[in-house]
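*Asks:* Keeping their order, the protein sequence lines are chains A and B. Following full-length UniProt numbering, the numbering of the first sequence begins with 1 at its first residue and continues without gaps. Following full-length UniProt numbering, the numbering of the second sequence begins with 1 at its first residue and continues without gaps. Positions of the beta carbon are idealized from the N, C-alpha and C atoms, including for glycine. Would you mind keeping the following structure in view while I ask a few things?
2 protein chains.
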Amino acid sequence: MNQPSEIPCYPAIVAAIEVISGKWSYSVISQLCQGAQRFNQLQRSLTGISIKSLTDTLRHLEQRGIVSRKVFPTVPVTVEYSLTESGVAYSEILVRMRDWGVTWGGLSLD
Amino acid sequence: MNQPSEIPCYPAIVAAIEVISGKWSYSVISQLCQGAQRFNQLQRSLTGISIKSLTDTLRHLEQRGIVSRKVFPTVPVTVEYSLTESGVAYSEILVRMRDWGVTWGGLSLD
């Protein structure tokens with residue numbers, strides 16, 4: 001049992017919860033766990049995501065310091081997305097959430 | 001960096017995210033980290049929560065196996081809420097989210 005000193009403090013938790021508030025946020029983070037990817041690669045990997053949803057999700061994660069965006073001056077321009085150090089730390093929370101879901105939610109890893 | 005095998009699997013993560021999908025869920029869980037509490041105690045501790053929101057949040061958490069509800073046959077009836085084993089495990093995720101928010105969100109523990 002957690003002691004009172006370990007109780008979550010609200011602004012910090014709210015910041016963490018907001019990261020995964022969008023429908024696609026955790027899917028994008030988990031894709032980027034595999035390494036940097038371009039927009040089109042992400043869209044292909046995330047079946048069913050629209051260009052608008054992917055754009056919005058990447059912007060949402062970039063604004064929260066989870067994802068970094070690197071532009072290469074090719075023609076046409078190439079944009080690559082990757083997890084920041086903060087994003088990698090966050091992905092560890094998602095792994096713990098998955099483990100909780102598997103242990104307590106009666107859900108398999110499939 | 002997580003390896004592909006560590007990537008969150010979606011149904012389990014969705015189950016975990018759903019736990020804190022309500023505005024008051026994490027507040028109620030963190031209150032119950034201090035031990036079992038009755039409805040009125042919870043309402044007093046959670047400034048600004050309405051009876052309906054607290055009722056709905058407790059039901060939401062009970063349905064997901066986070067909170068257990070114990071009824072004592074007093075007059076009037078006494079109902080006590082506490083974290084289940086699953087709820088205690090979940091509160092550890094919230095502690096990690098807090099720590100992430102403090103480390104990466106630039107938020108203090110106050």
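1) Helix, strand or coil for S50(A) per DSSP?
2) Which residues in the same chain have their Cβ closer than 8 Å to the Cβ of A16(A), if we skip the five residues on either side of it in sequence?
3) Please state if the CB of Q43(A) and the CB of E80(A) are separated by a distance shorter than 8 Å.
4) Does L61(B) have its Cβ less than 8 Å from a Cβ in chain A?
5) Return helix, strand or coil for E6(B), following the three-state DSSP convention.
6) Rounded to the nearest angstrom, what separates R98(B) and W104(B) at their Cα positions?
7) Which one or two residues does DSSP pair with F72(B) in a beta bridge?
8) Helix, strand or coil for Q43(B) per DSSP?
9) Can you give the beta carbon distance from G101(B) to I13(A), rounded, assuming they're within the 8 Å contact cut?
10) How big is the Cα-Cα spacing for P11(A) and E18(A)?
11) Going by the beta-carbon positions, is the gap between V28(B) and L61(B) smaller than 8 Å?
12) Taking the straight line between their C-alpha atoms, what separation do you get for I20(A) and P76(B)?
13) For S50(B), count neighbouring Cβ atoms within 10 angstroms of its own Cβ and tell me buried if that reaches 16, exposed if not.
14) Along chain A, which residues have their Cβ under 7 Å away from the Cβ of G22(B)?
15) In the DSSP assignment, find the alpha helix (DSSP H) that holds I93(A) and state where it starts and stops.
16) In angstroms with no decimal places, state the Cα-to-Cα distance between V88(B) and S68(B).
17) Please return the same chain residues whose Cβ sits closer than 8 Å to the Cβ of Y26(B), not counting the five positions on each side in sequence.
18) Applying the criterion that 16 or more other CB atoms from any shown protein chain within 10 Å of the CB defines a buried residue, is T47(B) buried or exposed?
19) Here's a check: name, in chain order, each residue in its chain whose Cβ is nearer than 7 Å to the Cβ of V71(A), leaving out the five neighbours to either side.
20) When you compare only the Cα positions, how much space is there between E85(A) and T74(B)?
21) Since I29(B) is in the alpha helix (DSSP H), which residue starts that stretch and which ends it?
22) Under 8 Å between C-beta atoms, does V75(A) make it to chain B?
*Replies:* Judging by the given coordinates:
1) When DSSP states are grouped into helix, strand and coil, S50(A) belongs to the coil group.
2) Y90 and I93.
3) Going by C-beta atoms, E80(A) is not nearer than 8 Å to Q43(A).
4) Closer than 8 Å: no.
5) Unreliable positioning characterises E6(B) in this predicted model, as indicated by a pLDDT of 43, which lies under 50. The coordinate reading is nonetheless provided below. E6(B) sits in a helix when the DSSP states are folded into three classes.
6) Taking the CA atoms as reference points, R98(B) sits about 10 Å from W104(B).
7) Under DSSP, F72(B) forms a beta bridge with T78(B).
8) In the three-state DSSP reduction, Q43(B) falls in the helix class (H, G or I).
9) At roughly 6 Å, the Cβ-Cβ gap stays under 8 Å, so G101(B) and I13(A) are in contact.
10) The alpha-carbon of P11(A) is positioned some 10 Å away from that of E18(A).
11) Yes, Cβ-Cβ distance for V28(B) and L61(B) is below 8 Å.
12) Rounded to whole angstroms, I20(A) to P76(B) spans 42 Å at the Cα level.
13) With fewer than 16 other Cβ atoms within 10 Å, it is exposed.
14) Within 7 Å Cβ-Cβ: nothing; G22(B) doesn't reach chain A, min ~11 Å.
15) I93(A) -> alpha helix (DSSP H) spans E85 to W104.
16) Rounded to the nearest angstrom, the two C-alpha atoms are 12 Å apart.
17) Cβ within range, chain order: I20 and L94.
18) Using a 10 angstroms sphere on the CB of T47(B), the tally of other CB atoms stays under 16, which defines it as exposed.
19) Take V71(A), set aside five residues on each side of it, and the residues of its chain with a beta-carbon closer than 7 Å to its own are V77 and V79, in chain order.
20) Distance from the CA of E85(A) to the CA of T74(B), rounded to the nearest whole angstrom, comes to 54 Å.
21) Here the alpha helix (DSSP H) through I29(B) covers S25 to L32.
22) Not an interface residue.
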